[in-house]
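Undergrad: Attaching a single structure in structure tokens format; questions to follow.
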Amino acid sequence: MDKLVLKGHEFESRLLTGTGKFSDKNLIAPMLKASGSNIITMALRRVNFSNPKENVLNYIPKDVTLLPNTSGARNAEEAIKIARIAREAGCGDFIKIEIINDMKYLMPDNEETIKATKVLADEGFIVLPYIVPDLITAKKLEEAGAAAVMPLGSPIGSNKGLQTKALIEMINENKKVPVIVDAGIGTPSQAAEAMEMGVDAVLVNTAISTAEDPVKMGEAFALGVKAGRMAYLSKLAKTSKYANASSPLTDFLFRGEK
Amino acid sequence: MGFYSVVKEWKDFDFEGYFSKVTDEDVVDSIYKEHLTEYDFLNLLSPIAKNHLEEMARRANEIKTQHFGNIISLYMPIYISNFCTNNCTYCGFSKKNHIVRKHQNLEQIEEEAKEIAKTGVEHILMLTGEAHGLVTLDYLKDAVKVLKKYFNSVSIEVMPLEEWEYKELVDIGLDGLTVYQETYNEERYDEVHLSGKKKDYHFRLDTPERGAKAGIRTIGIGPLFGLSEIRKEAFMAGMHLKYLTDNYLNSSFSISLPRINPAEGGFQPDHPLDDITFVQFMTAFRIFQIKADINISTREVASFRDHLMHMGITKMSVGSKTDVGGYTENDPSTCQFEISDNRSAEETIQAIRDNGYQPIFKDWEQIK
Numbered sequence: 014m015d016k017l018v019l020k021g022h023e024f025e026s027r028l029l030t031g032t033g034k035f036s037d038k039n040l041i042a043p044m045l046k047a048s049g050s051n052i053i054t055m056a057l058r059r060v061n062f063s064n065p066k067e068n069v070l071n072y073i074p075k076d077v078t079l080l081p082n083t084s085g086a087r088n089a090e091e092a093i094k095i096a097r098i099a100r101e102a103g104c105g106d107f108i109k110i111e112i113i114n115d116m117k118y119l120m121p122d123n124e125e126t127i128k129a130t131k132v133l134a135d136e137g138f139i140v141l142p143y144i145v146p147d148l149i150t151a152k153k154l155e156e157a158g159a160a161a162v163m164p165l166g167s168p169i170g171s172n173k174g175l176q177t178k179a180l181i182e183m184i185n186e187n188k189k190v191p192v193i194v195d196a197g198i199g200t201p202s203q204a205a206e207a208m209e210m211g212v213d214a215v216l217v218n219t220a221i222s223t224a225e226d227p228v229k230m231g232e233a234f235a236l237g238v239k240a241g242r243m244a245y246l247s248k249l250a251k252t253s254k255y256a257n258a259s260s261p262l263t264d265f266l267f268r269g270e271k
Numbered sequence: 003m004g005f006y007s008v009v010k011e012w013k014d015f016d017f018e019g020y021f022s023k024v025t026d027e028d029v030v031d032s033i034y035k036e037h038l039t040e041y042d043f044l045n046l047l048s049p050i051a052k053n054h055l056e057e058m059a060r061r062a063n064e065i066k067t068q069h070f071g072n073i074i075s076l077y078m079p080i081y082i083s084n085f086c087t088n089n090c091t092y093c094g095f096s097k098k099n100h101i102v103r104k105h106q107n108l109e110q111i112e113e114e115a116k117e118i119a120k121t122g123v124e125h126i127l128m129l130t131g132e133a134h135g136l137v138t139l140d141y142l143k144d145a146v147k148v149l150k151k152y153f154n155s156v157s158i159e160v161m162p163l164e165e166w167e168y169k170e171l172v173d174i175g176l177d178g179l180t181v182y183q184e185t186y187n188e189e190r191y192d193e194v195h196l197s198g199k200k201k202d203y204h205f206r207l208d209t210p211e212r213g214a215k216a217g218i219r220t221i222g223i224g225p226l227f228g229l230s231e232i233r234k235e236a237f238m239a240g241m242h243l244k245y246l247t248d249n250y251l252n253s254s255f256s257i258s259l260p261r262i263n264p265a266e267g268g269f270q271p272d273h274p275l276d277d278i279t280f281v282q283f284m285t286a287f288r289i290f291q292i293k294a295d296i297n298i299s300t301r302e303v304a305s306f307r308d309h310l311m312h313m314g315i316t317k318m319s320v321g322s323k324t325d326v327g328g329y330t331e332n333d334p335s336t337c338q339f340e341i342s343d344n345r346s347a348e349e350t351i352q353a354i355r356d357n358g359y360q361p362i363f364k365d366w367e368q369i370k
């Protein structure tokens with residue numbers, strides 16, 4: 014399978030996962046193994062640097078890329094501070110910008126996200142901003158130096174799939190950096206649907222971590238993502254409102270037959 | 003006008019009349035609706051909804067798992083002063099009670115903080131009585147500064163303050179506020195608060211709103227069950243939660259369901275809340291306001307708390323002491339109320355794991 018490339022960094026898997034919501038942190042490593050996911054996000058606000066037993070970083074295999082996120086930030090300034098704390102704490106250069114100002118629907122603040130992306134990209138971070146799908150925002154983020162854009166498929170935790178499909182399509186058709194669908198994907202078939210559209214990757218947390226068997230569900234999502242990517246690469250057959258005969262009726266006219 | 007306009011709107015509503023007309027179908031319909039109206043919430047609080055308790059509990063757990071995951075956040079309380087200038091009929095700290103009073107200085111607070119920090123819990127709730135001239139804004143600020151050295155998240159449950167006072171506390175790193183209305187029934191409120199600043203119903207009612215305006219991130223509310231008719235109290239608390247959630251998108255809100263425990267003074271609740279109705283109300287809150295945190299304190303007994311873990315709660319206090327100096331002194335003050343879950347922090351944390359949940363010690367990064 015072709016690789017996912019984020020600012021020159023190559024990844025085998027197009028499934029990004031998360032550390033939140035598991036009943037037991039010991040499930041994270043086997044989930045990563047079963048899903049093949051090699052990027053995992055974690056909220057910096059949940060990382061216990063001072064408490065080794067509770068520090069989620071100790072439960073993530075070393076060959077997996079950490080994607081700390083700025084969850085809890087309500088403006089650009091706070092997101093920037095959280096990103097710097099994450100880097101200083103040894104979490105690497107990847108950062109997912111998550112700026113949420115609305116605790117009712119948990120919608121990201123695109124405007125503040127653009128500001129934070131600019132500052133952090135200039136500081137050498139590999140910035141993955143989480144946004145409400147909007148083409149103009151995506152373009153501004155590319156310009157600001159984002160390594161990818163992460164539009165939401167539907168509100169966080171809703172498991173409603175790609176309710177914003179038309180808006181993500183606009184971003185995807187005009188992208189200069191990878192598009193990773195984040196939030197809302199609740200089933201492997203929804204992940205496959207996103208990948209069939211031609212987006213570059215999906216991030217799935219809740220649907221895996223809260224499944225009865227998160228390890229098996231991780232594998233199921235890996236298969237969904239792979240199937241969707243393969244379908245996209247093999248160029249999906251066109252859809253039509255009417256039936257198309259597989260053996261055309263008028264073909265004989267052009268073959269000189271009578 | 004604030005939330006009082008909502009209180010007035012429902013003041014003359016015929017709750018009994020409405021409840022008497024609710025059918026089983028209405029309840030089931032409300033359990034599974036995605037967006038619930040006030041009337042759906044009433045259906046879930048109605049006496050007939052008890053027939054559907056299992057369904058409510060399952061739905062509550064499903065919603066919690068979807069939005070919060072398989073986690074339970076931990077916090078610990080620290081009582082730093084139990085002097086009080088209010089006279090409230092139901093409270094052990096009431097000024098009329100002859101109890102052992104203590105007021106900690108900053109060194110004593112620091113000693114307690116060090117002891118609590120050993121548990122690994124990073125969220126602390128600081129409590130005081132309301133004592134003018136003694137528990138001042140400066141005292142609270144100094145205490146918060148001390149606690150910030152040991153904990154990532156500091157919340158307060160102290161006397162209601164003005165918006166500018168909350169702002170000063172936010173500026174030094176306060177991120178949480180808890181304030182219980184005790185009772186939403188204005189007449190009853192007047193009866194049980196005999197004297198002191200707490201007698202001002204309106205000032206207390208508007209406290210969460212002042213906190214939200216000042217930029218406090220997490221705000222906890224709740225009625226004290228036992229003082230007034232329980233279904234109306236639960237309903238008004240739900241309306242308060244909805245009002246705050248709708249108007250202050252910047253803050254997140256939590257609800258608690260404290261019920262009166264024995265305290266010094268021997269107050270007997272005339273509207274007791276039994277366990278079955280407690281579960282009904284708690285799951286109704288979860289289904290009505292899916293994003294709200296639901297908090298269960300050590301006022302409840304251990305086995306009950308363990309069962310509640312599976313019904314939509316997101317926060318638990320652990321290893322609580324409700325007396326001033328409770329974590330370090332051999333001779334602490336009189337406690338505010340009797341703890342019902344006497345397990346140590348470690349024992350409760352193990353119980354959370356044994357029940358299939360991940361205890362969250364830290365859910366906040368201090369960035370100030």
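These protein sequence lines are chains A and B, in that order.
Just so we're aligned: 211 in this note's numbering is position 198 of the first sequence, and the numbers increase by one with no gaps anywhere.
Just so we're aligned: 54 in this note's numbering is position 52 of the second sequence, and the numbers increase by one with no gaps anywhere.
Glycine residues also receive a C-beta, built at the ideal position from the N, C-alpha and C atoms.
Here the structure is a predicted model, which means the values were calculated and not measured.
(1) Which partner residues of K109/A appear in the DSSP bridge assignment?
(2) For chain B, check one thing: does any of its Cβ atoms lie closer than 8 Å to the Cβ of F138/A?
(3) Mind checking the segment 43-72 of chain B against chain A and listing, in chain order, the residues whose C-beta falls within less than 8 Å of any C-beta there?
(4) Would you kindly work out how many angstroms separate the C-alpha atoms of L180/A and E124/A, rounded to a whole number?
(5) If you follow the beta strand (DSSP E) that P361/B is in, where does it begin and where does it stop?
(6) Can you give me the Cβ contacts of I111/B inside the same chain, cut-off strictly under 8 Å, excluding the 5 residues immediately before and after it?
(7) Say whether chain B places a C-beta atom closer than 8 Å to the C-beta of S259/A.
(8) What is the DSSP secondary structure of D295/B, reduced to helix, strand or coil?
(9) Note down the Cα distance separating T78/A from A216/B, rounded to an integer number of angstroms.
(10) Could you give the DSSP three-state label for G314/B: helix, strand or coil?
(11) Start and end of the beta strand (DSSP E) containing Y54/A?
(12) So for Y77/B, helix, strand or coil by DSSP?
(13) May I have the straight-line CA-CA distance separating M210/A from L165/A, to the nearest angstrom?
(14) Using a beta-carbon distance below 8 Å, is K178/A in contact with chain B?
(15) Step through the CB atoms of chain B and report whether any lies within less than 8 Å of the CB of G197/A.
(16) Under 7 Å Cβ-Cβ, which residues of chain E neighbour G358/B?
(17) In three-state DSSP terms, what is P168/A?
(18) Skipping 5 residues on each side, what residues in its chain have a beta carbon closer than 7 Å to that of Q360/B?
(19) Name the two residues that bound the continuous alpha helix (DSSP H) containing L28/A.
(20) Are the beta-carbon atoms of I126/B and V181/B separated by less than 8 Å?
(21) Give the C-beta separation of P260/B and L226/B to the nearest angstrom, bearing in mind that I take them to be a contact with Cβ-Cβ under 8 Å.
(22) Is any beta-carbon of chain B found at less than 8 Å from that of D122/A?
(23) Residues of chain A with CB under 7 Å from E367/B, in chain order?
(24) Checking 8 Å against the spacing of the C-beta atoms, do V194/A and A207/A come in under that value?
(25) Going along the chain, which residues of its own chain have a beta-carbon closer than 7 Å to the beta-carbon of F385/B, five neighbours each way excluded?
(26) State the beta-bridge partners of I223/B as determined by DSSP.
(27) So what does DSSP say about H22/A, is it helix, strand or coil?
(28) From L148/A to M183/A, what distance separates their C-alpha atoms?
(29) Report the residue ranges of all beta strand (DSSP E) runs contained in full by the segment 86-171 of chain B; include only those spanning at least 3 residues, in chain order.
(30) Judging by CA-CA distance, which residue of E232/A, D213/A and A89/A is the nearest neighbour of S222/A?
(31) Quick one: give me the first and last residue of the alpha helix (DSSP H) that T185/B is part of.
(32) DSSP has S319/B in a bridge; who is on the other side?
(33) For a contact defined as C-beta to C-beta under 7 Å, what are the partners of L38/B on chain A?
(34) Where does A214/A sit, in a helix, a strand or coil, going by DSSP?
(35) Check for me: the alpha helix (DSSP H) holding V29/B runs from which residue to which?
(36) Hey, out of V217/A, V162/A, N172/A and D226/A, whose CA is closest to L19/A's CA?
TA: Well, looking at it:
(1) N82/A and L141/A
(2) no
(3) T67, Q68, H69, F70, G71 and N72
(4) 17 Å
(5) Q360 to I362
(6) I80, I82, A145, V148 and L149
(7) no
(8) Three-state result, D295/B: strand.
(9) Whole-angstrom Cα-Cα distance: 38 Å.
(10) coil
(11) Rather than Tyr, the amino acid found at residue 54/A in this sequence is Thr. Taken as a continuous stretch (DSSP letters only), the beta strand (DSSP E) holding T54/A covers I52 to A56.
(12) strand
(13) 15 Å
(14) no
(15) It does not: the Cβ of G197/A has no partner Cβ on chain B nearer than 8 Å.
(16) The structure shown contains no chain E; the protein chains it does contain are A and B.
(17) Three-state DSSP puts P168/A in coil, outside helix and strand.
(18) If we look at Q360/B and ignore the five residues flanking it on each side, its Cβ neighbours are N72 and I73.
(19) Not the alpha helix (DSSP H): L28/A falls in the beta strand (DSSP E), residues L28 to G31.
(20) no
(21) 5 Å
(22) no
(23) L57, R58, G85, I95 and I98
(24) yes
(25) No statement about residue 385/B is possible, as the shown extent of chain B runs from 3 to 370 and does not include it.
(26) I257/B
(27) strand
(28) 6 Å
(29) 125-130 and 155-159
(30) E232/A
(31) For T185/B, no alpha helix (DSSP H) encloses it, and the DSSP letter there is neither H nor E.
(32) Y77/B
(33) None at all; the shortest Cβ gap to chain A is about 14 Å.
(34) The answer is strand: DSSP assigns A214/A an E or B state.
(35) D26 to Y34
(36) V162/A
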